[in-house]
Amino acid sequence: MSYISLYRKWRSQDFAELVGQPAIVQTLRNAIKNNRLAHAYMFSGPRGTGKTSTARILAKALNCENGPTENPCGTCQSCVKTRDGHSVNVYEIDAASNRGIDQIRELREKVRYAPVEGRYKVYIIDEVHMLTPEAFNALLKTLEEPPSHTIFVLATTELQKVPLTIISRCQRLDFGRIKLAEIEAHLSKVAEKEGFEIEPKALNLISRVAEGCMRDAVSLLDQLVSFAGHKISYDNVVLMLGTADEELLFAFAEGIANGDIAKVLGLVEKGLEEGRSTSQVTRDLISHFRHLLHVKVGSGEVLELTADYLERLHGQAKQFTLDNIKEAIQSLSRAELDMKWHPHARLVLEVALLELLEVRSKVKGLDAGIEVGNEKQKLEDHSPQPISSINTGIHSQNPMTKIKLHWNDILESVKKKSIFGYVSLHEGEPREVNEKGKLVITFKKGYAFHKERLEDRKNKESVEEAIRESIGEKIPIECIIAEAGATVAAPAISANMVADFFEGRIVQ
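At position 425 of the sequence shown (counting the first as 1) the number is 425 in UniProt numbering, and the numbers step up by one without a gap.
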């Protein structure tokens, strides 16, 4: 016999086995018990939460030889045929591939005839939102006045796409995401019955990754058995899924909290070396800071994490303000979006992390450069001024000449104001001061990311302020991408330019 996947093997076969939908189970059981069945049901909710399984159980309960019963036997001919998908009275239609008006017209023709065996014809239309408008219109009349022997179950993951005229003709039952503890309990039961050994931490991680979807959770367990055998560890799950383990995530947040640039960038390298994608590391970091956010505002219980994990989160959350955490989530989310079009995903993440470190250092006053800069300023206030500032004719000189001579000073000044602005400015070159009096900074083709980031208001103002501080003039900047074949390097500084700057002359 061919192998049967765990998800199919452990699919719920009666109402008692349905996990995580107690209100729906009670509603359907009472409807059968009290003979208050609706002629059409709308099952809506996320994928993998039991919609199709519930529809099959309902069909089984209605046509069981001992029924209609809220507890189908599962062994009679009708129950077995329904379970195996061979019942002539249960029609499962995939609306994604049978979405046209012709298929619905054919359904309407079949509805009129009484069931060949059993009591009811049950039509299960999966992903019903995929039907065309014409098909929905054709279905309307049948839904409103179906024969007494027919029951419709319409299932959808996108209820908002179903016309209200259809919804209003159905009894609506909303399926919710399955709780973490319920998924863990079910996976533990499956593992025990199948003879698997699985670490509690591994079980918890699988359940969290499934995000309320039982089908995904069981499928992941099945895949892990193929990957690691019958003894599954936490490391097996991390390696197979390519997710960042909790130690790496806590280390990332620790590095950000302490403003440790070297550590944070080193952790990016470590995560990639261990086989994780840049986007996956970013998503995991977003998730970690989301956890910190909930803990910080006192809603950690909604995370459904283990007690040990929550305790560590509470400890780390003390290192951040609420604004720090919100800034981290926003910055990393922007980075995740940028990665979809930028050719260098790792660079996008690294720059986003540098930006976080900059914000963090400003908030906690950990930026040693600020203190050093203050001390340096005090010394400069009591020391002779440089020739360039003494020279009363400095402002009459060529602005481009002054910018080129002071470019390194400008970079260093921007570095103190904005790490992120510094990284982007470093990739550009000053080209000219145009006729509008703007400094044109040119970026190579493919460096649009740096150009656009430098055009952000905060970074642009940092550069313009650094120029004013360095050359004594306020010059706005304009960023452009170099045309194909064009050079981004500015002309070299000549002896004449130097002489012009200092109002001197060249001697032999």
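Using N, Cα and C, we set each Cβ at its ideal position, and we do this for glycine too.
What are the start and end residues of the beta strand (DSSP E) that includes P430? 429-433
Let's see if you can read the secondary structure: which residues bound the beta strand (DSSP E) around A228? From DSSP, A228 is part of no beta strand (DSSP E) but of the alpha helix (DSSP H) over 214-228.
Just to confirm my understanding: we take T392, look at its own chain, exclude 5 residues before and 5 after, and list those with CB closer than 6 Å. What are they? Reliability fails at T392, whose pLDDT of 39 lies under 50, so the model's placement of it is uncertain and the value that follows must be treated cautiously. None.
What are the start and end residues of each continuous beta strand (DSSP E) run of 3 or more residues lying completely inside the region 105-131, in chain order? Given a length threshold of 3 residues, each whole run of the beta strand (DSSP E) inside the region 105-131 is given here in chain order: 121-126.
If you run the structure through DSSP and keep just helix, strand and coil, what is V153? strand
Among residues of its own chain, excluding the 5 on either side of Y447, which ones have a beta-carbon nearer than 6 Å to its beta-carbon? E427
For T82 versus R56, is the C-beta distance shorter than 9 Å? yes
What do you reckon, are the CB atoms on residue 535 and I441 nearer than 9 Å? Within the shown structure, residues of the chain are numbered from 1 to 508, placing residue 535 beyond reach of any answer.
Apart from the five residues on each side of it in sequence, which residues of its chain come closer than 6 Å, Cβ to Cβ, to G369? Any reading at G369 needs caution, since the residue's pLDDT is 47, under 50, leaving its predicted position unreliable; the model's value is listed next. Only K416 meet the Cβ criterion.
How many angstroms separate the CA atom of D500 from the CA atom of A352? Low confidence applies here, because D500 scores a pLDDT of 46, under 50, leaving its location unreliable and the question unanswered by this model.
Consult DSSP for L305 and reduce its assignment to one of helix, strand or coil. coil
So, does the region 117-127 touch the region 150-167, judging by three or more C-beta pairs under 8 Å? Segments in contact, yes.
With 16 other Cβ atoms within 10 Å as the buried cut-off, status of E184: With 16 or more other Cβ atoms from the protein chains shown falling within 10 Å of its own Cβ, E184 counts as buried.
Considering only C-alpha positions, which residue in the set I480, I166, E117, P146 is nearest to H129? I166
Can you give me the start and stop residues for the beta strand (DSSP E) that Y91 sits inside? 90-94
Taking 9 Å as the cut-off, decide whether the C-beta atoms of G50 and E182 are in contact. Taking 9 Å as the Cβ cut-off, G50 and E182 do not qualify as a contacting pair.
Do you know how far the Cα of I286 is from the Cα of S333? 7 Å
Beta-carbon spacing of F449, V348 below 9 Å: yes
Within the same chain, show all residues whose beta-carbon is closer than 8 Å to that of V116, passing over the 5 residues directly before and after it, in chain order. V88, N89
Using the Cβ count rule (16 or more neighbours within 10 Å means buried), how would you classify K402? buried
Grouping DSSP H, G and I as helix and E and B as strand, with all else coil, what is D284? helix
With DSSP run on the structure shown, which of helix, strand or coil describes Q319? coil
Would T282 pass as a contact of N204 if the rule is Cβ separation under 9 Å? no
Cα separation between N137 and S44? 20 Å
Cβ separation of A210 and L220, assumed to be a contact under 8 Å, to the nearest whole Å: 7 Å
If P146 and V190 are in contact, beta carbons under 8 Å, what's the gap, nearest whole angstrom? So it is not a contact: roughly 38 Å between Cβ atoms.
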